[in-house]
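A.B. asks: Dropping the structure in here first, questions after.
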């Protein structure tokens, strides 16, 4: 598992993370000079900090609205593959939305229901606890403005495995605070 020191390192890496180079193209595309524009990263509440060690067996956490662009179905399929090689692996899905019923059916169809827990909407305290208990947070989303759940998890010292999209690139230092993967098959 991740040591308390390792969690603190991941949290500190996030806090000093500069915005990705893709922002420069956005700035110049709007006719602004990059040297005159500064990105103010979103703040994180101080309660998001490391606390304890991840649970065993390993826990994968998915946090977000259950809607098509989040591709939680893709994440569930990747989890089903990983479950074949990692004994006891678990997935917690936090969030609600229009895809929930179809995601529950998918879990049943894949015969992985004992390893997957749908928690719905949770309190702020329960979310903080989940970030701290998780081995990693994962996202197969195709669109994110920033990736706040990834950012919150990082502040708690929980690494991420996420698809390589603009919002995730702003929230993950690839190879240091998590992994940016090329596509769903790499999750």
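Numbering (this note's numbering), first residue to last: 4 to 190.
Each residue gets a CB set at the ideal place from its N, CA and C atoms; glycine is no exception.
#1: Going by C-alpha to C-alpha distance, which of 100, 47 and 108 sits closest to residue 70?
#2: In whole angstroms, what separates the C-alpha of residue 176 from that of residue 126?
#3: Just how far apart, CA to CA, sit residue 184 and residue 190?
#4: Work out the CA separation of residue 146 and residue 170 for me, nearest whole Å.
#5: Suppose only complete runs of 3+ residues qualify. What are the beta strand (DSSP E) ranges in the stretch 64-144, listed by chain order?
#6: What first and last residue would you give for the beta strand (DSSP E) that runs through residue 163?
#7: From residue 121 to residue 38, what does the alpha carbon distance come to, in whole angstroms?
#8: Tell me whether residue 53 is buried or exposed, calling it buried when 16 or more other Cβ atoms sit within 10 Å of its Cβ.
#9: If you follow the beta strand (DSSP E) that residue 181 is part of, which residue opens it and which one closes it?
#10: What does the Cβ neighbour count give for residue 84, buried or exposed, with the cut at 16 atoms within 10 Å?
#11: For residue 150, count the other beta carbons within 10 Å of its own beta carbon; 16 or more makes it buried, fewer makes it exposed. Which is it?
#12: What does a CB cutoff of less than 6 Å around residue 191 pick up in its chain, not counting 5 residues either side in sequence?
#13: Does DSSP classify residue 173 as helix, strand or coil?
#14: Once you ignore the five residues that flank residue 142 on each side, which residues in its own chain have a CB closer than 6 Å to its CB?
C.D. replies: Let me spell this out:
#1: 100
#2: 28 Å
#3: 7 Å
#4: 7 Å
#5: 93-97, 119-123 and 139-142
#6: 163-166
#7: 45 Å
#8: buried
#9: 181-184
#10: exposed
#11: buried
#12: Any property of residue 191 remains undetermined from this structure, which presents the chain solely from 4 to 190.
#13: helix
#14: 165
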